[in-house]
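Protein chains in written order, with full-length UniProt numbering: chain A, 1 to 463; chain B, 1 to 463; chain C, 1 to 463.
A virtual CB, placed ideally from N, CA and C, is assigned to each residue, including glycine.
Take a look at the structure set out below.
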Amino acid sequence: MSSLGSSVCGYVLLLLVQIVLIIVFGFFTNYSKELLPINTINGTTVEEMEEETPLAKYPHFQDIHVMIFIGFGFLMTFLKRYGFSATGLNLLVAALAIQWAIVMRGCYVMEGGKIPLSLDNLIGADIAAAAVLISMGALLGRTTPMQLLVMTIFEIAIFAANEFLQVDLMRIADVGGSITVHAFGAYFGLAVSFVLRPNKENCKTGPMECSSYSSDITAMIGTVFLWIFWPSFNSALVDGAEQERAIINTYLSLAGATVTTYIMSVMVSHEKKFDMVHVQNSTLAGGVAVGSICNLLIHPFGAILVGVIAGVISVLGYRFLTPAMLSKLRISDTCGVNNLHGMPALLSAVFSGIYASVATSEAYGNSLTSIFPAMKPNTTLTEEDMHEMVIGGYGRSAAMQGAYQLLAILLTVVIAIMGGLCTGLVLKSPTMRQLEQDEHHKDDVCWETPVELETTVTTSLCQ
Amino acid sequence: MSSLGSSVCGYVLLLLVQIVLIIVFGFFTNYSKELLPINTINGTTVEEMEEETPLAKYPHFQDIHVMIFIGFGFLMTFLKRYGFSATGLNLLVAALAIQWAIVMRGCYVMEGGKIPLSLDNLIGADIAAAAVLISMGALLGRTTPMQLLVMTIFEIAIFAANEFLQVDLMRIADVGGSITVHAFGAYFGLAVSFVLRPNKENCKTGPMECSSYSSDITAMIGTVFLWIFWPSFNSALVDGAEQERAIINTYLSLAGATVTTYIMSVMVSHEKKFDMVHVQNSTLAGGVAVGSICNLLIHPFGAILVGVIAGVISVLGYRFLTPAMLSKLRISDTCGVNNLHGMPALLSAVFSGIYASVATSEAYGNSLTSIFPAMKPNTTLTEEDMHEMVIGGYGRSAAMQGAYQLLAILLTVVIAIMGGLCTGLVLKSPTMRQLEQDEHHKDDVCWETPVELETTVTTSLCQ
Amino acid sequence: MSSLGSSVCGYVLLLLVQIVLIIVFGFFTNYSKELLPINTINGTTVEEMEEETPLAKYPHFQDIHVMIFIGFGFLMTFLKRYGFSATGLNLLVAALAIQWAIVMRGCYVMEGGKIPLSLDNLIGADIAAAAVLISMGALLGRTTPMQLLVMTIFEIAIFAANEFLQVDLMRIADVGGSITVHAFGAYFGLAVSFVLRPNKENCKTGPMECSSYSSDITAMIGTVFLWIFWPSFNSALVDGAEQERAIINTYLSLAGATVTTYIMSVMVSHEKKFDMVHVQNSTLAGGVAVGSICNLLIHPFGAILVGVIAGVISVLGYRFLTPAMLSKLRISDTCGVNNLHGMPALLSAVFSGIYASVATSEAYGNSLTSIFPAMKPNTTLTEEDMHEMVIGGYGRSAAMQGAYQLLAILLTVVIAIMGGLCTGLVLKSPTMRQLEQDEHHKDDVCWETPVELETTVTTSLCQ
């Protein structure tokens, strides 16, 4: 097995990237005003504002932090000989992504030439990293670390632009990020996977692309932590009653998706038994599917129903769609991100369109225009609102808001696929080392691994 | 090994249960008033109340959520070939239990025909799920998933009724749920285990009922997370000074129980070494034993002492009582829930009786009647109090409150055992598939498992 | 392999220690005043003060709690046959340490002969336990449990005295504990390791001192949880803007250290691949290196830069320094605590000296004297300040504060080494059972372990 020796120069480049990041942070960031002991407001120097309340969002942030670094990292350890890469590359990719995301997302909110840093930027950076890790899930085991890092650079830049387009300019409602994070990450990754597709003769599941008994259990660490903290992910960006509704709806949707996953798994699996792949992934589809609507008045029963539908779609996807995509379109999807993130996110977007189009001020009261800011009537706009750029302008009707929600998912998928195709071409360029077919899904390619006898033994028996 | 094929119809029934749950949620639940943008108070329509404070209990909720889904799930992975079931069935059973618990517990607090949902219901549902998972621990590896799900339906219903009886009608103090959760769950599970007891000739530890080196380590993930977040479990339902005392007392009790567990383990184990079973379980007994009294003025030294006693009892239970129960009464207790939950909970209840009977308003001041509401003197009752039903009425003396605490544990154990016996009879009915003796403690019975050589090898050597 | 049978008397002694602790808690502790329902202020009996705000620091506490019990415990599971000890002894040592630390740290803050207990004491006790667990990392696999427990008793006492000296008397700034915890713990442990050094002929890496594929993955559970919650560790003792700066700086420093670790690992490792030892440890060096300065105005770019430097130093330490220390000085350092805790802490202390010496009230405003209390001008001292003992008195200049920061790390290292040498002599005394060379890094010495065939097989192949 060849070493990555030839790519040491790649890591010199990565060092350069890290140094450039330090310089960019030096010139273009600062702590946000409230965090500076002395700062200037309207030309007057004032002392640090007393922050009376403790950091209200910090527990939410830490829950999301666990999802990104433990959740995604361990979920990907399901491959029997790719656990070092799953946990290790997850950490590396995310550590680069969060630095770069602070810069890229910050471009759109600069104040006086500086990106003001506060806890909000860290939450946003973690969420951006999620998109990259979802794409990594589609490619798992079929790229070099260097390819993943290059993808991170491109994907974060495109992600930040699309997020700004959807949330700030189009003013769509997407508190759980189903549109901007899950759909984006999944279809970006699948587009890259399409470009990196194997030759026809190699177009089958690799010999190492299977789990072992212990790797399936460590993967459950990831699954369960993602499951537990998903309500925090979906509710981190809202407050008060909206936040509590987001928590309740996500909790119920996940519960519904989980029960459904087990039922479907027994129904469709070969031996009428539970399949770990379904349990590890489809149980989480409820969190994605409720993402864009979890703060709306979808009623508790609506939340469970959405989860149940997501569970059905996701298990069917793993059982029938993923193999078909591989054999027909030669698109590999190692973790099945289309079934966990892609399709449930489309579902969420469609539901958000429906719920938006029937939203009335009779039901929502004053919170209508805080949930859907572009529905603010033109007559009530403040000075500040006037200066904001909103595509299509304020004063949207409910039906129009619904249409914008659908436009948002369409645009996001198109941007993600275009971005993924371009990024894939870069990753496939001759300057980048590609993995050989027999190097797929093997830690040994880029990790020093302990020598153990049983490896050879179990390998030969896989499948 | 036979598949579960015959029970596909069981999963069709489960699907029906999930659909019924959706309908029940549709008709009988709604977000609680504070979470609705527009609601009606005394006939006047008002806007959403501003919720100024962030969700104060949310971090506590998430800690408990980790205990239920990671803690219980991974603690049960200690069996060498039952890790898929431990983590997977834990997730399935809990996902059903929380939905059902919201309904069953909600029956007693309906407002206008609707159960008002807020974060409190989720906390309560998670705690109810804990009781079922404790019972599952007693039965681990000796039931089909379908039997567990049927048990969940029965147990949650009985749990909710008993909880209402003890906390609302009898007004006993049990903030950590030692009486209503731990004692209930343990003796319910043991009663089911008694009904499902094997024939005399099979009454021994099964060939797969042992741990492997790696399964003992993944079990420690569960143990340590339970250990860490137990102070949150015990303090989630109280506030202010009571909450902080509950945290401190639980922390100290766990520390005392832990040191004691190691000492006792060396003392009683065969080779004078530490035994992983003790470390995985008895270290947690301190959290159970302090549960009913953790908010009282038990003094820090009292907290440690309770933990030390619990550690001693629990290790002795594992060493002597569990084998005796199996050989004498043919009651299997796979996880030893009697030693971790049952006996320490009895201890906690007895202590709660003692502490209640010596509680004076000299020591507790105004907080006396908030901790023991039924001790409110008849002269100070408000209009609202008059409408509440309290068994035995208000104006209890300290001694009477102590007696009620003891009555509560007695009633709880009786209800749990009766409920468990009836549930066990249902699980043993001919319509339900039973596991054969040689299917015990094996994932392969209901999971698609990877084929690996070493399985056969290690199996043959176990014990 | 001999059992620990002879040391049963050791565990009788431990039981005695636990009983003594109960008695000490009985006589010398109580809940702090705010937690007592009725208490006396200036001779007047008053009711419990209403605590309006929820426990603001509780989420921070629980994050640290996860670091101590999951983080340290699982990080140390990297040895292939020492996972029971890693997780189990971590729990035992920490459970003793926290009880003892409450007493020892409390000596310096007694009120009326009692140590007032509140959540703050638990946070402080957890942090003190971290120092012991760091020392344990240096010795991992080369001591009996009893030796670790004796070390705990000595180390906590010396730790508490040194912490009081540096923080209360010298008034140095060290919010993340790099000086008082990381440097102290590392050099204490290395000094003990020096005393327990092997004979010349045995001075090499032991046959069991290596990882297995699965043990490297469970170790990542520890690494990633430490990584995730490090911002909570560094920010737990400050509030408001300082706290948020501490979080941001630690987050950025860790990200920088992580990317750098991977780069350096490829550069220096034998096969130009990633080395799990580096990934498990050096990624965390950024958290240590920013510890003493994370609340200062180091600018985001400063935070990343510190992390990058720490990553470089730490990986080089693992690659070159640790083997050299073993071969030249015969100092074993199983977990490489010098590279993860020692050197990055020295770096942090030096930076804290530099930043302190350039701190001006122009930049810091009023927060200058809350961050560096001894810089309070003599003219502005309150009555209360007058009664506080501060070494060198108030009115320090920035340069003097910088010098005190450097003095603090010097004193801490000297005290740690002296304390470690003395403790090591106790551990080496003939009354204490020592491990034989062939008992090193083996769980079987003090744990009942499952019998498994593959053990023998893999052992013989290790490196």
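Per DSSP, cross-strand counterpart(s) of residue i
i: LYS114/C; result: GLU111/C
i: SER211/B; result: LEU79/B
i: PHE274/C; result: TRP447/A
Reduced DSSP category for residue i - H, G, I as helix; E, B as strand; rest coil
i: LEU55/B; result: coil
i: ILE298/B; result: coil
i: LEU407/B; result: helix
i: ILE221/B; result: helix
i: THR29/A; result: strand
i: LEU381/B; result: coil
i: THR143/B; result: coil
i: CYS422/C; result: helix
i: PHE372/C; result: coil
i: TYR11/A; result: helix
i: MET400/C; result: helix
i: MET170/C; result: coil
i: VAL268/C; result: helix
i: GLY256/C; result: helix
i: residue 492/B; result: Outside the displayed span of chain B (1 to 463) sits residue 492/B, for which this structure offers no information.
i: VAL390/A; result: coil
i: ASP126/C; result: helix
i: LEU16/A; result: helix
i: MET432/C; result: coil
i: ALA236/B; result: coil
Close-in-space but distant-in-sequence residues of the same chain around residue i (CB under 6 Å, 5 per side omitted)
i: THR258/A; result: THR283
i: TYR31/B; result: LEU117
i: GLY420/B; result: PHE188, ALA191 and VAL192
i: ASN202/C; result: GLN437
i: GLY395/B; result: PRO377 and ASN378
i: LEU226/A; result: MET67, GLY71 and LEU284
i: TRP100/B; result: ILE156
i: VAL390/C; result: ARG171 and ALA374
Local Cβ density within 10 Å of residue i, reported as buried at 16 or more and exposed below that
i: ASN199/B; result: exposed
i: ALA324/B; result: exposed
i: THR380/A; result: exposed
i: ASP239/B; result: buried
i: CYS294/B; result: buried
i: VAL414/B; result: exposed
i: THR423/A; result: buried
i: ALA131/C; result: buried
Same chain, Cβ closer than 8 Å to residue i, neighbours up to 5 away in sequence not counted
i: VAL266/B; result: LYS272, LYS273 and PHE274
i: ALA241/C; result: SER367
i: LEU406/A; result: ALA349, VAL350 and GLY353
i: ALA219/C; result: PHE74, LEU75, MET76, THR77, PHE78, SER211, MET276 and GLN280
Same chain only: Cβ atoms within 7 Å of residue i, ignoring 5 sequence neighbours per side
i: SER193/A; result: ALA138, LEU139, ILE331, SER332 and ASP333
i: LYS114/A; result: PHE28, THR29 and ASN30
i: LEU122/A; result: PHE61
i: GLY177/C; result: ILE127 and GLY291
- request: Examine the Cβ distances between the stretch 296-307 of chain B and the stretch 243-263 of chain B and report whether three or more of them are shorter than 8 Å.
  value: yes
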